[in-house]
Amino acid sequence: MPLSHPFRLGLYLTAVVAVTLIHQPAVLLVLLAGILLLCGEGRGALALSAARPVIWILLLISAGYLLMGWLTEQAVLAALALINLRVLVIALLTAWMVRDTDLDLALARWPRARRWLVVVRGQMLLFRRLVQDYRQAQKSRASVPPTLRQRYLGSAAIGLAALDKGVHNAELVTLAMRSRGALDE
Numbered sequence: 001m002p003l004s005h006p007f008r009l010g011l012y013l014t015a016v017v018a019v020t021l022i023h024q025p026a027v028l029l030v031l032l033a034g035i036l037l038l039c040g041e042g043r044g045a046l047a048l049s050a051a052r053p054v055i056w057i058l059l060l061i062s063a064g065y066l067l068m069g070w071l072t073e074q075a076v077l078a079a080l081a082l083i084n085l086r087v088l089v090i091a092l093l094t095a096w097m098v099r100d101t102d103l104d105l106a107l108a109r110w111p112r113a114r115r116w117l118v119v120v121r122g123q124m125l126l127f128r129r130l131v132q133d134y135r136q137a138q139k140s141r142a143s144v145p146p147t148l149r150q151r152y153l154g155s156a157a158i159g160l161a162a163l164d165k166g167v168h169n170a171e172l173v174t175l176a177m178r179s180r181g182a183l184d185e
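Heads up, the final residue of the sequence shown is numbered 185 in the working numbering, and it's a clean run with no missing numbers.
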């Protein structure tokens with residue numbers, strides 16, 4: 001019998017909290033393997049979609065921890081394994097939930113949560129469009145593919161534009177809330 005979407009969302013939220021309470025890397029490794037076995041068909045694609053967004057951040061944090069451990073002459077490998085495994089488990093759980101759970105159905109009982117879901121999806125579409133527009137503009141202005149340096153600069157420009165847009169939207173929301181008396185003391 002398939003699980004209902006609200007139940008799946010509840011399981012996901014419970015699992016994420018439970019993972020943060022596990023402090024043994026071996027248990028997290030077994031959990032990661034178990035999740036991969038349970039997630040069904042498309043394990044490889046799911047693992048890639050889970051790891052792709054977090055792998056570079058984990059590598060950067062790991063390099064920082066290793067440098068800190070080397071400079072202070074302290075062992076950091078256990079903490080590093082714990083952090084990396086925990087993030088990978090949570091990323092895999094999230095990718096699995098996104099793949100198999102319809103959030104509209106999961107949040108059907110809570111209209112306010114559904115409104116927030118609409119806002120989040122709108123922001124995702126907005127930022128996706130921003131990235132596509134920037135890439136198309138860059139492509140149309142160059143006859144050769146961009147170098148790695150140009151791609152880094154482009155990513156920085158997209159990040160700055162996204163930050164500007166986020167700040168602008170936050171200012172608009174604050175003004176709207178003030179005009180309705182939400183921020184009055």
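C-beta atoms are modelled at their ideal positions from N, C-alpha and C, and glycine is treated no differently.
Computed from a prediction, not measured in an experiment: that's the story for all the values here.
Measure the C-alpha to C-alpha separation of residue i and residue j and round it to an integer number of angstroms.
i    : j    : result
E171 : F7   : 36 Å
T101 : V120 : 16 Å
L77  : L67  : 11 Å
G166 : W70  : 38 Å
R128 : Q138 : 15 Å
Starting from residue i, trace the alpha helix (DSSP H) in both directions and tell me its first and last residue.
i    : result
V173 : L148 to S179
P6   : H5 to T20
L107 : First-last for L107: undefined, no H or E at that position.
What does the Cβ neighbour count give for residue i, buried or exposed, with the cut at 16 atoms within 10 Å?
i    : result
I57  : exposed
A106 : buried
L88  : buried
W96  : buried
A108 : exposed
V27  : exposed
V19  : buried
A50  : buried
L9   : buried
L193 : Nothing in the structure corresponds to residue 193, since the chain is present only between 1 and 185.
Can you tell which of the options has its C-alpha closest to the C-alpha of residue i?
i   : options                 : result
A81 : L32, L46, A108 and R129 : L32
I22 : D164, G159, T94 and L85 : L85
A15 : I35, P2 and H5          : I35
R99 : L48, Q74 and F127       : L48
For a quick check, are the C-beta atoms of residue i and residue j less than 8 Å apart?
i    : j    : result
A157 : Y134 : yes
I90  : I61  : no
L93  : Y152 : no
R114 : D104 : yes
G154 : P145 : no
A161 : L130 : yes
Are any of the Cβ atoms in chain B nearer than 8 Å to that of residue i?
i   : result
N84 : The structure shown contains no chain B, having only a single protein chain.
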